[in-house]
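Residue numbers (the numbering used here): -4 to 90.
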């Protein structure tokens, strides 16, 4: 798996204590969220736990993709600011 990352946009947001980034990458397969967190963490020397992936955009049949992400200074800051995903409850079936 070959990887090339190019920074398209990077800005610091001191109000939320994070870096907001957008990178373009080339891989054989568009990465999943966990893989993208690891790639961003490695590229920006950050702990993958502190990375929040906002969007992964790839095109069918292309090796190019764009990742939009936020990198926080700590996991506590990330958990405080980012919304949690609610797990839907199973619906009760009528008998």
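Don't be surprised by glycine CBs; every beta carbon is placed ideally from N, CA and C.
Please read all numbers here as calculations on a predicted model, not as lab measurements.
1) Give me the Cα-Cα distance between residue 40 and residue 2, rounded to the nearest whole angstrom.
2) I need the straight-line Cα distance from residue 65 to residue 33, nearest angstrom please.
3) When the Cα of residue 44 is compared with those of 73, 27, 63, which residue comes out closest?
4) Would a C-beta distance cut-off of 8 angstroms place residue 17 and residue 63 closer than the cut-off?
5) Buried or exposed: residue 80, going by 16 or more other Cβ atoms within 10 Å of its Cβ?
Reading it off the structure:
1) Approximately 14 angstroms, taken between the alpha carbons.
2) Roughly 13 angstroms separates the two Cα atoms.
3) Distances from the CA of residue 44 to each of 73, 27, 63 were compared; the closest alpha carbon is that of 73.
4) Between residue 17 and residue 63, the CB-CB gap stays under 8 angstroms.
5) Exposed: under 16 other Cβ atoms inside 10 Å.
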